[in-house]
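Here the structure is laid out as structure tokens; the discussion comes afterwards.
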Amino acid sequence: LQEVTASSRHYVDRLFDLDPQKVLQGVIDMKNAVIGNNKQKANLIVLGAVPRLLYLLQQETSSTELRTECAVVLGSLAMGTENNVKSLLDCHIIPALLQGLLSPDLKFIEACLRCLRTIFISPVTPEDLLYTDATVISHLMALLSRSRYTQEYICQIFSHCCKGPDHQTILFNHGAVQNIAHLLVSTSYKVRMQALKCFSVLAFENPQVSMTLVNVSVDGELLPQIFVKMLQRDKPIEMQLTSAKCLTSMCRAGAIRTDDPCIVLKTLPCLVRMCSKDRLLEERVEGAETLAYLIETDVELQRTASITEHLIAALADYFKYPSSVSAIADIKRLDHDLKHAHELRQAAFKLYASLGANDEDIRKKIIETENMMDRIVNGLAESSIKVRLAAVRCLHSLSRSVQQLRTSFQDHAVWKPLMKVLQNAPNEILVVASSTLCNLLLEFSPSKEPILESGAIELLCSLTQSENLALRVNGIWALMNMAFQAEQKIKSDILRGLSTEQLFQLLSDSDVNVLMKTLGLLRNLLSTRPHIDHIMSTHGKQIMQAVTLILEGEHNIEVKEQTLCILANIADGTTAKELIMTNDDILQKIKYYMSHSNAKLQLAAMFCISNLIWNEEEGSQERQDKLRDMGIVDILHKLSQSSDPNLCDK
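Rendered as structure tokens:
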């Protein structure tokens with residue numbers, strides 16, 4: 001190091017010369033020495049050039065020329081490695097450069113902005129540094145009008161530092177939309193491109209920005225029309241892709257309808273084109289991910305995409321080779337693509353998941369694509385968490401198909417890798433994987449048996465205790481599906497696995513979804529007579545307590561109806577009936593709901609009564625007498641006059 005740095009020391013020494021002219025020459029020589037030379041950059045940083053350059057940059061007595069050259073050298077040092085940027089940040093370069101923007105000299109301002117741009121686009125720079133002083137953003141907005149360089153650099157800074165809704169709101173409130181819109185028709189391609197990128201990050205998942213953009217016009221042309229022009233095939237790919245992202249965000253936010261020609265005939269085909277194998281890896285990734293987001297919730301767009309340019313088959317190439325032979329102009333590219341091939345697989349899984357979200361025929365086409373199920377199974381085991389998540393999403397989307405659950409899913413024993421994924425995965429994967437498991441546990445799915453044998457009950461019971469709401473819902477939902485038309489042993493295992501405490505915990509959950517699924521589980525457990533009698537003989541007291549608790553609580557109609565249906569199931573048991581007949585409190589509640597203002601609850605309450613009074617069942621006479629004494633018959637007379645035909649019949 002000493003030898004290397006010795007030859008560089010004279011550059012730093014000259015920065016301390018007493019003659020300002022020699023200092024200036026020293027900075028210029030340093031600038032020429034570091035251009036494209038990472039080793040030299042590192043040497044000068046080690047030798048302490050940065051604090052001195054920053055000092056000179058901030059000195060009022062320094063000439064504007066010297067201050068500008070200092071900013072240029074600092075910008076060049078920032079172009080090196082991430083460590084260089086860290087060193088610059090440690091010396092508090094950002095406040096110094098922001099201060100420099102207050103200078104009246106345009107060349108100096110541009111040099112400061114160029115250096116700030118280089119620092120902010122580095123992954124090691126925290127975006128929040130741009131927002132620490134509220135006056136900075138408004139000053140940058142004001143500088144946008146100064147030159148095409150200030151426009152290019154400031155837009156680039158904004159698009160790199162706009163991460164999430166808080167940043168979007170700050171920029172929006174400072175007039176970003178109005179200040180940047182006219183730059184989309186600038187004569188400079190770089191300015192147009194950076195302005196476009198700004199809009200793509202401002203509008204992403206942001207309805208407020210999207211709704212505003214629709215109505216903004218530049219030179220008499222609305223922004224969506226300008227974006228559509230930028231989508232055309234003769235435009236550079238990055239411009240096509242970025243404007244497609246803007247239109248996609250506006251569509252997802254509801255600012256543009258999904259059946260608008262600019263989406264169906266322009267944006268969607270443009271994104272499909274990006275998925276072809278003669279595009280570069282990052283273009284294919286971004287194209288597929290943006291398309292997946294565009295069509296995610298709209299079945300018509302899913303159908304259109306699935307028949308555009310053989311998209312489903314084109315995506316199969318995402319698993320084969322990272323880049324086509326024509327794209328490999330050099331070995332560097334090949335090396336890069338092999339390192340990033342997992343991003344292609346992730347993007348393909350995401351897009352398949354969106355394509356197959358609703359339409360049975362599309363799912364069939366996807367599954368019939370060569371080796372599709374094997375690819376998903378491999379994806380579930382990949383080291384990259386993003387690929388695993390996307391593969392699970394894809395599987396979840398395909399698992400909505402009854403046909404596929406019975407065939408492909410069975411042939412490939414998909415449940416095995418899925419159960420493996422469910423062991424200690426992060427929450428975002430667990431949520432989608434457990435949703436998929438819910439589908440694999442539906443009663444017509446052949447995977448149900450082997451899943452049970454592999455310890456699913458224990459796993460699902462533990463999910464119901466999760467802090468994460470979606471996991472609690474999925475855990476209880478899967479158990480509900482598992483209990484549907486199940487044999488008695490499975491039902492007993494579920495009750496044992498859940499424990500009475502946990503059941504009560506779920507019945508008092510603040511989320512109505514958890515409550516409804518738990519009641520659904522109880523209803524499925526309490527079906528078929530021998531099962532009802534068996535479960536009520538072991539858990540009767542607690543279940544009756546739970547039912548009372550809910551019928552007395554502040555719950556919506558659906559919850560109360562589900563609870564009354566559980567009572568009707570209990571009333572259908574042979575010995576279980578007695579738990580209702582000997583509980584006056586419950587009988588009074590059934591009577592109360594027979595006269596309720598809601599017909600659904602009246603019907604459910606009458607189901608309870610009819611299951612208690614079948615003539616051919618033992619003890620029916622005593623039960624009928626007791627109910628008659630309670631005034632149930634009078635209520636029935638009144639209900640037979642009801643204007644509701646269902647109530648009348650019952």
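Using UniProt numbering, you'd call the opening residue of the sequence shown number 1 and step up by one each time. All residues carry an ideal CB built from backbone N, CA and C; glycine is no exception.
Nearest neighbour of residue i, chosen from the options [CA to CA]
i	options	result
Thr436	Thr464, Leu469, Trp477 and Ser462	Trp477
Ile580	Thr548, Tyr318, Val27 and Asn556	Thr548
Leu567	Glu309, Ile550, Gly356 and Val387	Ile550
Tyr131	Pro95, Leu47 and Ala341	Pro95
Ile557	Leu515, Ser527 and Asn583	Leu515
Gly573	Asp585, Leu525 and Pro417	Leu525
Val432	Glu205, Ser537, Arg400 and Leu389	Leu389
Val492	Gly164, Ser8 and Ser527	The residue you asked about is not Val; residue 492 is Ser in the sequence shown. That would be Ser527, whose Cα lies nearest to the Cα of Ser492.
Ile237	Gln21, Glu282 and Thr563	Glu282
Leu521	Glu449, Ala571, Ser510 and Thr464	Thr464
Gln346	Lys365, Glu368, Ser384 and Asp330	Ser384
Pro100	Ala134, Leu56, Ser243 and His340	The question names Pro, yet the displayed sequence has Gly at residue 100. Closest option to Gly100, Cα to Cα, is Leu56.
Val34	Leu405, Lys22, Gly75 and Glu300	Gly75
Leu144	Gly164, Asp166, Thr135 and Asn179	Asn179
Ile295	Ala244, Leu334 and Tyr318	Ala244
Ile570	Ile532, Asn358, Met372 and Leu47	Ile532
Arg393	Phe349, Gln403 and Gln404	Phe349
Asn371	Glu289, Phe319 and His396	Phe319
Glu205	Gly175, Gly254, Glu309 and His174	Gly254
Ile362	Gln302, Lys339, Ser595 and Gln588	Gln302
Phe607	Gln562, Glu578, Asp629 and Gly175	Gln562
Val201	His596, His174, Thr242 and Val299	Thr242
Phe120	Thr135, Leu355, Leu24 and Leu89	Leu89
Lys577	Glu617, Gly553 and Gln588	Glu617
Glu428	Arg52, Gln240 and Lys386	Lys386
Asp359	Ser122, Val299, Val136 and Gln404	Val299
Leu399	Ile367, Glu382, Pro20 and Asn378	According to the sequence provided, residue 399 is Ser. The question's Leu does not apply to it. The option with the nearest alpha carbon to Ser399 is Ile367.
Ser454	Lys416, Arg284 and Ser466	Lys416
Ile170	His182, Leu459 and Met141	Met141
Asn32	Lys364, Val73 and Asp629	Val73
Asn378	Thr407, Lys364, Val414 and Gln404	Val414
Per DSSP, the bridge partner or partners of residue i
i	result
Val218	Glu221
Extent of the continuous alpha helix (DSSP H) to which residue i belongs
i	result
Asp166	Pro165 to Asn173
Trp614	Element bounds for Trp614: n/a, residue is neither H nor E.
Ala111	Leu106 to Phe120
Pro51	Ala49 to Gln58
Gln302	Val299 to Ser306
Cys270	Leu268 to Arg273
Asp584	Asp584 to Met594
Ala42	Asn38 to Val46
residue 698	No answer is possible for residue 698: it lies beyond the span of the chain, which begins at 1 and ends at 650.
Cys70	Thr64 to Ala78
Leu101	It is not in any alpha helix (DSSP H) - Leu101 carries neither H nor E in the DSSP assignment.
Asn83	Glu82 to Asp90
Glu487	Here Glu487 belongs to no alpha helix (DSSP H), and DSSP marks it neither H nor E.
Pro126	That residue, Pro126, is in no alpha helix (DSSP H); it is neither H nor E in DSSP.
Ala161	Before going further, note that residue 161 is Cys rather than Ala in the sequence given. Element bounds for Cys161: Arg148 to Cys161.
Tyr131	Tyr131 -> no alpha helix (DSSP H), and no H or E assigned at all.
residue 738	Limits of the chain in this structure are 1 at one end and 650 at the other, which puts residue 738 out of reach.
Val264	Run containing Val264: none; DSSP gives neither H nor E here.
Ala316	Leu311 to Ala316
Leu291	Leu281 to Ile295
His336	Ile331 to Lys339
Whole-angstrom C-beta distance between residue j and residue i, which should lie under 8 Å
i	j	result
Leu106	Ser147	6 Å
Thr267	Leu231	7 Å
Leu15	Val27	7 Å
Gln624	Ile613	5 Å
Leu507	Leu471	Not a contact, Cβ separation roughly 18 Å.
Ala292	Ala353	7 Å
Ala604	Cys565	6 Å
Ala546	Leu498	So it is not a contact: roughly 12 Å between Cβ atoms.
Could you name each continuous beta strand (DSSP E) segment of 3 residues or more that falls completely within the segment 176-236, going from the start of the chain to the end? none
Please give me, in chain order, every unbroken run of the beta strand (DSSP E) with length at least 3 that falls completely inside the segment 524-582. none
List, from N- to C-terminal side, the alpha helix (DSSP H) runs of 4 residues or more that fit wholly inside the segment 436-477. 448-453 and 456-463
Please give me, in chain order, every unbroken run of the alpha helix (DSSP H) with length at least 4 that falls completely inside the segment 354-390. 360-367 and 372-380
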